[in-house]
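Student:
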Amino acid sequence: PLPRLGFTAGVSGGFIQARYYGKGPWENYCDRNAAAEIGLYEAPLRELYYEYARPQENGLRTEVRWLELAGVAGSMRIAGAEPFSFSVWPWSAENLASAEHPFDLAEQDFYTLNIDHKHMGVGGQDSWSIKALPLAHYLIPSGKYSMSFLLIPAGQGE
29 PLPRLGFTAG VSGGFIQARY YGKGPWENYC DRNAAAEIGL YEAPLRELYY EYARPQENGL
89 RTEVRWLELA GVAGSMRIAG AEPFSFSVWP WSAENLASAE HPFDLAEQDF YTLNIDHKHM
149 GVGGQDSWSI KALPLAHYLI PSGKYSMSFL LIPAGQGE
């Protein structure tokens, strides 16, 4: 199964604030989002990720309709044709995957922005063993998928 299906890009480190309409305010995944409520949330980008004791995937927000990033770099809105998930990190996906300790995470001068059409669940129904996969309906089977979203610069299309 695929861990995620979507789009990853580097965005300016000048963005400092996020505002979104989706599930929050804390991180939530498709199999861990029943307590998260759909609403309008705003937070500094530095509060949208979490440095776990063992570096791992983190900070996902699900069922998002739109996301705005703002700061000295200006602002932009990401609007999905259908709900999407997102996460933002100050390090690269490769760095996160190879890090064994939090001090192995090297902050960049830009953020890694993940816009996901689908993201598999966290799993952990058997005491969090390292080999445990999420339940079958929280996996992403191989197949044909499509997603679309708009990147809208500040003041456009509002």
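All residue numbers for the sequence shown refer to the working numbering, where the first residue is 29 and numbers rise by one.
Glycine included, each C-beta is placed from N, C-alpha and C at the ideal position.
For Glu85, which of Tyr77, Asn61, Tyr48 has the nearest alpha-carbon?
Tutor: With distances taken between Cα atoms, Glu85 lies closest to Tyr77.
Student: Tell me whether the region 110-124 and the region 160-169 touch, counting them as touching only if at least three CB pairs, one residue from each stretch, are closer than 8 Å.
Tutor: Verdict: no, contact absent.
Student: Is Ser176 closer than 7 Å to Ala109 when the C-beta atoms are compared?
Tutor: Closer than 7 Å, so yes.
Student: Please tell me whether Arg32 and Glu96 are closer than 7 Å, where the distance is taken between their beta carbons.
Tutor: Against a cut-off of 7 Å, the Cβ pair of Glu96 and Arg32 comes out as no contact.
Student: Exposed or buried, what is Thr36 when buried is set at 16 or more other beta-carbons lying within 10 Å of its beta-carbon?
Tutor: When all chains shown are included, Thr36 counts as exposed.
Student: Taking its Cβ as the centre, do 16 or more other Cβ atoms sit within 10 Å of Leu88, making it buried, or is it exposed?
Tutor: Leu88 is buried by the Cβ-count criterion.
Student: Pull up the distance between the alpha-carbon of Ile44 and that of Asn142, whole angstroms please.
Tutor: Taking the straight line from one Cα to the other gives about 16 Å.
Student: Do Gly99 and Ala182 have their CB atoms nearer than 7 Å?
Tutor: No. Outside cutoff.
Student: Which partner residues of Leu30 appear in the DSSP bridge assignment?
Tutor: DSSP lists Ile168 as partners of Leu30.
Student: Under 8 Å Cβ to Cβ from Tyr173, same chain only, skipping five residues before and after it: list those, please.
Tutor: For Tyr173, where only same-chain residues beyond five positions count, the Cβ hits under 8 Å are Leu33, His145, Lys146.
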